[in-house]
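Sequential numbering from 26 applies to the sequence shown in my numbering. Take a look at the structure set out below.
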Amino acid sequence: MIDPASHRLEEIDACSAECEVNIAQEWLEKLPPASYDEQYVLRRNSRNRVLNKHSRLGCQVVLTHELQGMVVALPEPKPWDTP
Numbered sequence: 026m027i028d029p030a031s032h033r034l035e036e037i038d039a040c041s042a043e044c045e046v047n048i049a050q051e052w053l054e055k056l057p058p059a060s061y062d063e064q065y066v067l068r069r070n071s072r073n074r075v076l077n078k079h080s081r082l083g084c085q086v087v088l089t090h091e092l093q094g095m096v097v098a099l100p101e102p103k104p105w106d107t108p
């Protein structure tokens, strides 16, 4: 994990959305809403800048006993940009 400040980055700019997961509606209702920063990262890294309502950053989901049994889906990987 890099220290964002050592690279002159804000914490949210250090996030690449590699931990994006899709969560079924019945589980989304048990989670707090995504923060503005989480939505920003998801939108910034989406293919068409449109936010999928089931997308969340897995690193931002705080696991509780209420979420026991939750299953998440991993989205299609995004292709690497290669020169």
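We treat Cβ as the ideally placed atom computed from N, Cα and C, and that holds for glycine.
Rounded straight-line distance, which links the Cα of residue j to that of residue i
i	j	result
A42	L82	6 Å
N47	P57	15 Å
A59	E45	12 Å
H90	V96	14 Å
Segment limits, beta strand (DSSP E) that includes residue i
i	result
E45	E45 to I48
L82	S80 to L82
Residue i - DSSP class collapsed to helix/strand/coil
i	result
R69	helix
Of the listed residues the options, nearest to residue i (C-alpha basis)
i	options	result
L92	N77, E51 and E101	E51
Y65	G94, S80 and V97	S80
K55	V87, L99 and P100	V87
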